[in-house]
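If you're matching them up, the sequences are chains A and B in order.
Everything in the first sequence is counted per this note's numbering, starting at 2 for the first residue and increasing by one.
Everything in the second sequence is counted per this note's numbering, starting at 673 for the first residue and increasing by one.
Here a beta-carbon is modelled for each residue, glycine too, at the ideal position from N, C-alpha and C.
Owing to the predicted nature of the structure, the values given are computational and were not obtained by experimental measurement.
To keep things clear, I will list the structure first and then write my remarks on it.
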Amino acid sequence: MLELRLVQGSLLKKVLEAIKELVTDANFDCSATGFSLQAMDSSHVALVALLLRSEGFEHYRCDRNLSMGMNLNNVSKMLRCAGNDDIITLKADDGSDTVTFMFESPNQDKIADFEMKLMDIDSEHLGIPEAEYHAIVKMPSAEFARICKDLSSIGDTVVISVTKEGVKFSTRGDIGNANIVCRQNTTVDKPEEATIIEMQEPVSLTFALRYMNSFTKATPLSNTVTISLSSELPVVVEYKVADMGYIRFYLAPKIED
Amino acid sequence: DTKQGNILSFFKKV
């Protein structure tokens with residue numbers, strides 16, 4: 002028996018909007034730790050890891066570990082029927098081939114049940130080793146989204162370079178090239194407006210902008226984004242999900258041919 | 673010239 006009650010149901014709506022472009026079908030895993038997902042895009046270039054810790058739910062009952070295969074587009078269709086202020090509860094019986102999404106309006110005057118068919122998905126779970134990153138950039142998520150969008154109108158790839166001068170995003174295309182430098186800036190009114198650069202050593206990596214733009218679908222989840230870079234490793238683009246967890250996007254770099 | 677890397681060459685199946 003599984004029963005997860007999330008008072009801030011809008012978080013789950015935003016999570017689905019953040020990942021459904023990248024991944025078509027995925028297994029949602031429930032355990033005592035929380036509600037999680039790990040999936041790659043169809044070309045195995047990017048990986049998304051979601052964790053919503055059990056403590057973040059108002060009620061969390063998971064009698065035994067459960068893996069539920071879902072088509073994310075269908076989950077999104079279901080969750081779009083929930084109001085932004087609704088409380089969302091996920092329910093599944095042991096051995097059932099369906100999951101039920103229950104939506105409750107804040108004043109309890111409307112309660113809806115949406116039952117969705119589960120699917121069998123063969124998925125490979127990957128071990129993500131703990132890594133020391135050469136550079137970690139924390140910046141406003143809207144700023145990062147703007148940069149990715151702007152650069153993708155010029156080129157297909159972005160070179161992200163971190164030096165003691167700041168973080169530089171560069172692209173080049175048929176019509177010309179573009180460079181955007183963001184310097185560390187902690188003298189802001191609100192902490193979420195700060196750009197903080199922690200650099201152990203300079204690093205420069207090239208990535209496909211198409212994927213970066215897809216990751217920025219998570220922007221409504223968090224005012225800030227953290228970008229962790231090391232040479233020879235996929236970049237990690239992380240958005241916190243309130244105080245209950247995170248979405249981490251891993252993207253393999255472009256490498257010299 | 674660059675080519676796209678693959679996640680599976682960085683993270684191993686468990």
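Next on the checklist: Cutting at 7 Å between CB atoms, please list the residues of its own chain near Asn-186 (chain A), excluding the five before and the five after it.
Outcome noted: Ala-195 and Thr-196
Next on the checklist: Alpha carbons only, please: which of A:Asn-72, A:Ser-205, A:Phe-36 and A:Gln-109 is nearest the one belonging to Ala-50 (chain A)?
Outcome noted: A:Phe-36
Checklist entry - Buried or exposed: where does Lys-218 (chain A) fall if 16 or more other Cβ atoms within 10 Å of its Cβ makes it buried? => result buried
Item to check | C-alpha distance - His-45 (chain A) paired with Val-686 (chain B), whole-angstrom precision | outcome: 16 Å
Next on the checklist: Taking CB distances under 8 Å as the criterion, tell me whether Lys-255 (chain A) reaches chain B.
Outcome noted: yes
Item to check | Own chain, CB closer than 6 Å to Cys-31 (chain A), minus 5 neighbours either side, in chain order | outcome: Leu-3, Cys-63 and Leu-67
Item to check | For Met-213 (chain A), the first and last residue of its enclosing alpha helix (DSSP H) | outcome: 210-216
Checklist entry - Relative to the alpha-carbon of Leu-210 (chain A), which residue among A:Lys-255, A:Val-189, A:Arg-249 and A:Ile-248 has its alpha-carbon at the smallest distance? => result A:Lys-255
Item to check | Within 8 Å of chain B by C-beta, residues of the segment 128-158 of chain A in sequence order | outcome: Gly-128, Ile-129, Pro-130 and Thr-158
Checklist entry - What are the start and end residues of the beta strand (DSSP E) that includes Met-120 (chain A)? => result It is not in any beta strand (DSSP E) - Met-120 (chain A) carries neither H nor E in the DSSP assignment.
Checklist entry - DSSP puts Cys-183 (chain A) in a beta bridge; with which residues? => result A:Val-168
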